[in-house]
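Going by numbering that gives the first Met the number 0, the residue at position 73 of the sequence shown is 72; the numbering climbs one at a time, nothing skipped.
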Amino acid sequence: MTAGLRILLRTDDPVRQQGLEAMLQAVGHTVVDDTPDVVVCDIDHDTATPPEAEAPVVALNDHPHPGEPSAGVLPRTVSATQLDAALRAVAAGLLVRWPGAASAEGFRPAREDAPLLTPREAEILALVGQGMSNKEAARALGISVHTVKFHLEALFTKLDATSRAEAVAKGLRGGVIEL
Numbered sequence: 000m001t002a003g004l005r006i007l008l009r010t011d012d013p014v015r016q017q018g019l020e021a022m023l024q025a026v027g028h029t030v031v032d033d034t035p036d037v038v039v040c041d042i043d044h045d046t047a048t049p050p051e052a053e054a055p056v057v058a059l060n061d062h063p064h065p066g067e068p069s070a071g072v073l074p075r076t077v078s079a080t081q082l083d084a085a086l087r088a089v090a091a092g093l094l095v096r097w098p099g100a101a102s103a104e105g106f107r108p109a110r111e112d113a114p115l116l117t118p119r120e121a122e123i124l125a126l127v128g129q130g131m132s133n134k135e136a137a138r139a140l141g142i143s144v145h146t147v148k149f150h151l152e153a154l155f156t157k158l159d160a161t162s163r164a165e166a167v168a169k170g171l172r173g174g175v176i177e178l
């Protein structure tokens, strides 16, 4: 199992704070007061922007506005599994948006039927999209080439793709990754 992340949780509701802490701990993360890997910002305002942070921010906001500065935007009704996947993806340097979330960069919402990739699959697909070979992706992630190939096969199946280029194209069109 992958080690949990250090999460700084910002909320304006003590009840939500307790619920989110329990959700984060249930999926193996640690809630901290300083030096987080990721900041989770759950502010009950339609136009609230996350606080300045040295770590990437995942905003829980049902009504994100264009230009949302966060690395991740999810609805406040997010499941523990979805939140865990998003936190790991954001910690790995990826952007995460839910269908309907907008961004200043023109992020297109994901299709309703887009496949759910694991954080590692999303990382590998993003690296392939950057033109990395299997060996380069393995080196960048600190895993074996065999493991990269395993994840690529899973990606090809989930995306119904027959090549690396087709997988990246479908991932981009479906909103699964951003480059």
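The C-beta atom is built at its ideal place from N, Cα and C for all residues, glycine as well.
As DSSP reads the structure, G71 sits in a beta bridge with V57, V95. In this structure, the CA atom of P13 is about 23 Å from the CA atom of P55. Within the same chain, A79 come within 7 Å of A25 by CB-CB distance, once the 5 residues on both sides are set aside.
The C-beta of R87 has 16 or more other C-beta atoms within 10 Å across all chains shown, which makes the residue buried.
Less than 8 Å separates the beta-carbon of C40 from that of L59. The alpha-carbon separation between I142 and I123 amounts to approximately 11 Å.
Sorting L7, D11, Q16 by C-alpha distance to the C-alpha of T34 places L7 at the top.
A Cβ-Cβ distance of about 7 Å is found for the pair L82 and M22, placing them in contact under the 8 Å criterion. Your pair A160 and T117 does not check out as a contact, with CB atoms roughly 16 Å apart and the cut at 8 Å.
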